[in-house]
Structure formats: C-alpha cells, structure tokens
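Heads up: the structure comes next, in structure tokens.
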C-alpha cells in the first residue's frame, strides 16, 4: 500500500543518470562527472539535464537537484 | 601517353567544399586500426558518428581522438523514432562534436529502418530554424525530397535500399529522377553493397555516396574502401562524360567500307 509512495519519495530524493536511478550526491554537473570519473576535458562528450543540453562552459555552475534526469553522452562509431 | 583528366570537380554542401564524394561510416569494423586504415583508403573527408549514452562502467575509446583531424564529423540521430528525440540528439551532437551538421534519421519501422516522413520533416524544420545544417536520410521519394529541400535541408539523402542490406539501388529510375529535380545535392545513403553500386549512384546523378556496412563488413574493409573510392570517382567521371543512348540492335564500331573478301 505504501510501495507507490515509497518509490515516489525515493525518486524525489535521488536523480536519474542515463536512465538509471541513483542517490543525489553531486550538486553540479561538473561534480557529477567527476564522481563518475568522466574527464570534463575529454572531447566528444555532452550533457543534457531534463531534456535540455547544458553547454560545457556551464558544467561547473549548473546545479543538479533531486528528481533531475541527466543524460551523459559521447560520440561513438556510427553509420 | 597520359591524358590529364580535369579533377577540379569539388562538391559543395552548405558552403563546405569536399574533393571526395564518398562519406564513410565508422561502425562495425573488426578493430580500430582497420577502421582508420579504411578511412584513409577511402579518401573520405567526412565520417559519420553516433551519439550514445556514455558507459558508466569504465573507459571507452574516444572516436573523436581516434579520427582527430582526418575528417569532418557528421553525427547521426540513428535509432531515434520521434522528432523530439532526434532534435535532442542533434543538439547533444552539436555540443559533443562542435558541429552543427547532422545526418537526420527518424525511424518509423524497426525492421526496415525506413524513415518516418512526418517526423523527419518536423525535425528538419525545427533543426533548420535552430541553425543546423541538416542532411536528412529519407525515402527514395521525389515528393519527400522536395519537401525536405523546401524545409531547408542542405542536402537530401535518399536510401538505395534498407540500411545495411547491401541490396544496392532498388529503384534507380527514381533516384535518377530525384537527382534531376533536386535543388540541393543528393547523397545516396544506405543500401550499397559493392563498388559498382556506388558507381551507379554517381552515374544516376548523385552528388555523393554515404556508406558503412559495405566496407566495414567486407572481408577486407581497407581494400573495399579503396574500391568504393574508385567506384565513386569512376561513376562521377562517367556521369559528367555522359553515357551513350541505349539501342536495341548492334551498331558496328569498325568501318563498314574496305572489308577484306567479297
């Protein structure tokens, strides 16, 4: 009976990164990348927050809040 | 004796000049060395890339670092099924690769990987308005190609056959018609299986050819890349030279007068 509410509370407390839920720990995009050992200077990487691209120049300022959905992508071989 | 063939025949798309009329995909090679050698052998100046979620498990190879300055990137929106997803992917690609060029794919059928024309048009309009250089992968349909050009596409890229099928150009008559009528360059994208089909695309009037699987999955990708380069060049030369009309009966090449005997 409380499962739905618990799941909601959990989602509210955490964030989603590339489709996977995780606890909210990093307060900015840059901090999130650092926590995941992703080199912020690496070429070919981009970040979207809640469906909007965050320019690289804004990574250190852009706040991440509980409930946010983050996409971290990179250029891969493709046709 | 050697004859100099004029080679000054550049392709211009959205103000960018290419001396190679072959665009090459970077996926599905046996390894990165073969991919880079195939890129070199093809002579291409633009390669495609996909935009995918980064692996959070560990280090992946950076395609950008691998390709370096060898070629321009043409990021794709492969796999997107809605205009909305394709637009976001294009925006991420622009940020990741520093290019506003995009091979716009919006797929309407997972088995055939055929474009969803309504979504494709919508995404083209949105991205053109946002300043992108849009090269849509589209059906071999003159009406769709005209609508995409009207919407501001920098080129149109009709399929020869389903992606990765290697069936060649299933409707050469319509590809030729699209080329004859298009106000923007026509790039034959998808379906090519071997070099003669790349040559045919150019003979039909295409401005360039984009292919991947025919090279990456051949037994010798580097050799096939060289074959595709030669095929595209041969087809372009033949197209400019102009083929002779087809006739139903023979016409002797040798003189009819002065035959030996009676």
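Residue numbers (the working numbering), protein chains in the order written: chain A, 1 to 79; chain B, 1 to 262. We treat Cβ as the ideally placed atom computed from N, Cα and C, and that holds for glycine. The structure presented is a predicted model; accordingly, all values stated were derived computationally and were not measured.
Straight-line Cα distance separating residue j from residue i
i, j, result
"residue 177 of chain B", "residue 217 of chain B", "30 Å"
"residue 254 of chain B", "residue 226 of chain B", "36 Å"
"residue 109 of chain B", "residue 23 of chain B", "24 Å"
"residue 206 of chain B", "residue 52 of chain B", "30 Å"
"residue 186 of chain B", "residue 209 of chain B", "9 Å"
"residue 121 of chain B", "residue 151 of chain B", "7 Å"
"residue 37 of chain A", "residue 74 of chain A", "14 Å"
"residue 165 of chain B", "residue 116 of chain B", "19 Å"
"residue 235 of chain B", "residue 247 of chain B", "21 Å"
"residue 42 of chain A", "residue 17 of chain A", "19 Å"
"residue 39 of chain A", "residue 134 of chain B", "30 Å"
"residue 64 of chain A", "residue 229 of chain B", "48 Å"
"residue 72 of chain A", "residue 196 of chain B", "41 Å"
"residue 50 of chain B", "residue 105 of chain B", "11 Å"
"residue 77 of chain A", "residue 73 of chain B", "11 Å"
"residue 62 of chain A", "residue 45 of chain A", "16 Å"
"residue 193 of chain B", "residue 168 of chain B", "6 Å"
"residue 102 of chain B", "residue 142 of chain B", "21 Å"
"residue 25 of chain B", "residue 69 of chain A", "31 Å"
"residue 153 of chain B", "residue 257 of chain B", "57 Å"
According to DSSP, residues forming a beta bridge with residue i
i, result
"residue 247 of chain B", "Beta-bridge pairing links residue 247 of chain B to no other residue."
"residue 22 of chain A", "A:15"
"residue 53 of chain A", "A:48"
"residue 109 of chain B", "B:114"
"residue 158 of chain B", "B:138"
"residue 17 of chain B", "B:12"
"residue 126 of chain B", "For residue 126 of chain B, which the question treats as bridged, DSSP gives no partner whatsoever."
"residue 48 of chain B", "B:74"
"residue 63 of chain A", "A:28"
Residue i - containing beta strand (DSSP E), residue span
i, result
"residue 138 of chain B", "133 to 138"
"residue 75 of chain A", "69 to 77"
"residue 26 of chain B", "Per DSSP, residue 26 of chain B belongs to no beta strand (DSSP E) and is neither H nor E."
Residue span of the alpha helix (DSSP H) that contains residue i, given as start and end
i, result
"residue 39 of chain B", "32 to 42"
"residue 84 of chain A", "The requested residue 84 of chain A does not occur in the structure, where chain A is confined to residues 1 to 79."
Residue i classed as buried or exposed, judged by whether at least 16 other C-beta atoms fall within 10 angstroms
i, result
"residue 76 of chain B", "buried"
"residue 63 of chain B", "buried"
"residue 60 of chain A", "exposed"
"residue 203 of chain B", "buried"
"residue 130 of chain B", "exposed"
"residue 70 of chain B", "exposed"
"residue 140 of chain B", "buried"
"residue 215 of chain B", "buried"
"residue 317 of chain B", "The structure shown does not extend to residue 317 of chain B, since chain B is modelled only from 1 through 262, so no value can be given for it."
"residue 32 of chain A", "buried"
"residue 1 of chain B", "Summary for residue 1 of chain B: the model assigns pLDDT 49, below 50, so the residue's position carries little reliability; its value from the coordinates is reported in the next sentence. Exposed is the call here."
"residue 31 of chain B", "exposed"
"residue 144 of chain B", "buried"
"residue 55 of chain B", "exposed"
"residue 243 of chain B", "exposed"
"residue 189 of chain B", "buried"
What residue ranges within the stretch 167 to 241 of chain B form continuous alpha helix (DSSP H) runs of no fewer than 4 residues, ordered along the chain? 172 to 181, 195 to 203, 213 to 216, 221 to 241
Can you give, in chain order, each stretch of the alpha helix (DSSP H) that sits fully within the stretch 51 to 107 of chain B and has at least 4 residues? 63 to 67, 83 to 97
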